[in-house]
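**Q**
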Amino acid sequence: KNEVEQSPQNLTAQEGEFITINCSYSVGISALHWLQQHPGGGIVSLFMLSSGKKKHGRLIATINIQEKHSSLHITASHPRDSAVYICAVHQGAQKLVFGQGTRLTINP
Amino acid sequence: DTEVTQTPKHLVMGMTNKKSLKCEQHMGHRAMYWYKQKAKKPPELMFVYSYEKLSINESVPSRFSPECPNSSLLNLHLHALQPEDSALYLCASSHAPGDPEAFFGQGTRLTVV
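Next up, the structure:
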C-alpha cells in the first residue's frame, strides 16, 4: 500500500463542473503539497498546507490532520484545468513522498 | 525571481554519449534536488544536495553523476545510459534542507537511443 493514495486516478468532467480530488496518507507529515503537471512536464506548486484551508482563485485545498486526508477542489472548471494533479507529503526529512496523481480532463 | 530553470528542455543521446543536464536557481535556496519521472508515474527522488554537499543518494546507478559547483547551480552528468533511463528529469529547490516548500523546474525530457 502506498503511503500516499489519491482518488480518483482519472477524472473526466464537463466545463463548469465542481471538481474534487482526494488524497489520503498513512504517515506523519509536516506539510502537504498539491502540485499541477501539464503534458509539457513542468510541475507547478498550487498549495502547501499544514492545517486548515487555502484558496487561490478557483482552487481550494483543505486538510484534516487528524483524519490524514486532504482534498483539492476546483470550482467552475475549465478545459485549461486539464492536467495531472499530484498530492505529495513532506515527512520532515529532505524528501517528498508523492501520490500516483489524478489525471483530470475537462471537456468544453 | 522565483524560477528554477532547467536546460536543455529536450535531449536525445546515444548509449555511448556523455551529456549533462543543468539546473539553476537564483532564489538563494540551499537545498537542490534531482527527480526522475517515468511516463504516468510520480517523480522519484534521485539526489539531494544540502549546502552544496550531497546529502541523499537514493541508490542511483553510477552512470548518473550529480555535481553542485555552487549554491545556484546543479548538474547531472550522464554517461553510458540505457534506453530504460529515458524519462523526464526534474530539478527542484527549497530554501533550506528540510524546508517543505519546494520549487520545481520544467524538466528535461531525456530519450536514450
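Sequences listed follow chains V and C, in order.
For what it's worth, this note's numbering labels the leading residue of the first sequence as 1, then goes sequentially.
For what it's worth, this note's numbering labels the leading residue of the second sequence as 1001, then goes sequentially.
Just so it is clear, CB atoms sit at the ideal spot from N, CA and C, and this is done for glycine as well.
None of the values given here were measured: they were computed from a predicted structure.
Tell me which same chain residues have a C-beta within less than 8 Å of the C-beta of methionine 1015(C), skipping the five on either side of it?
**A** Result list for methionine 1015(C): Ala1080, Leu1081, Gln1082, Pro1083, Val1112, Val1113, in chain order.
**Q** Would you mind reading off the limits of the beta strand (DSSP E) that contains glycine 52(V)?
**A** Taken as a continuous stretch (DSSP letters only), the beta strand (DSSP E) holding glycine 52(V) covers 52-56.
**Q** May I have a chain-ordered list of the beta strand (DSSP E) segments no shorter than 3 residues that lie completely inside the stretch 1030-1104 of chain C?
**A** Complete beta strand (DSSP E) runs here, min 3: 1031-1037, 1044-1050, 1053-1057, 1064-1070, 1073-1079, 1087-1094, 1102-1104.
**Q** Using a Cβ-Cβ cut-off of 8 Å, state whether leucine 96(V) counts as contacting chain C.
**A** Yes - at least one Cβ of chain C is within 8 Å of the one on leucine 96(V).
**Q** With 8 Å as the threshold, decide whether the Cβ of glycine 52(V) is near any Cβ in chain C.
**A** It does not; no Cβ of chain C falls within 8 Å.
**Q** With 16 as the cutoff for other CB atoms within 10 Å, does alanine 88(V) come out buried or exposed?
**A** Counting Cβ neighbours within 10 Å, alanine 88(V) comes out buried, since at least 16 surround it.
**Q** Here's the rule I'm using: 16 or more other beta-carbon atoms within 10 Å means buried, otherwise exposed. How should serine 1059(C) be labelled?
**A** Looking at its Cβ environment, which holds fewer than 16 other Cβ atoms inside 10 Å, serine 1059(C) is exposed.
**Q** Quick one: using the 10 Å Cβ neighbour count with 16 as the cut-off for buried, is leucine 1054(C) buried or exposed?
**A** Flag for leucine 1054(C) reads exposed.
**Q** Would a C-beta distance cut-off of 8 Å place phenylalanine 1104(C) and serine 45(V) closer than the cut-off?
**A** It is a contact, given that the beta carbons lie within the stated cut-off.
**Q** Can you name the residues of chain C whose CB is closer than 8 Å to the CB of glutamine 100(V)?
**A** Going along chain C in sequence order, the residues near glutamine 100(V) (Cβ under 8 Å) are Lys1041, Pro1042.
**Q** Chain V beta carbons: is any one of them nearer than 8 Å to that of phenylalanine 1064(C)?
**A** No, phenylalanine 1064(C) does not count as interfacial toward chain V.
**Q** Tell me, please, whether the CB atom of glycine 112(V) is closer than 8 Å to any CB atom in chain C?
**A** It is not possible to answer for residue 112(V), since the shown part of chain V is limited to 1 through 108.
**Q** Quick one: is alanine 31(V) near chain C, going by C-beta distance under 8 Å?
**A** True, the Cβ-Cβ gap to chain C drops below 8 Å.
**Q** Alpha carbon to alpha carbon, how far is lysine 1036(C) from leucine 1076(C)? Give it in angstroms, no decimals.
**A** Taking the straight line joining both Cα atoms gives about 11 Å.
**Q** For asparagine 22(V), which residues of its own chain have a beta-carbon under 6 Å away from its beta-carbon, when the five flanking residues on both sides are left out?
**A** Cβ neighbours of asparagine 22(V) beyond the five flanking positions: Ser7, Ser71.
**Q** Report the residue from Thr1007(C), Val1012(C), Ser1020(C), Glu1101(C) whose alpha carbon sits nearest the alpha carbon of glutamate 1067(C).
**A** When only C-alpha atoms are compared, the closest one is Ser1020(C).
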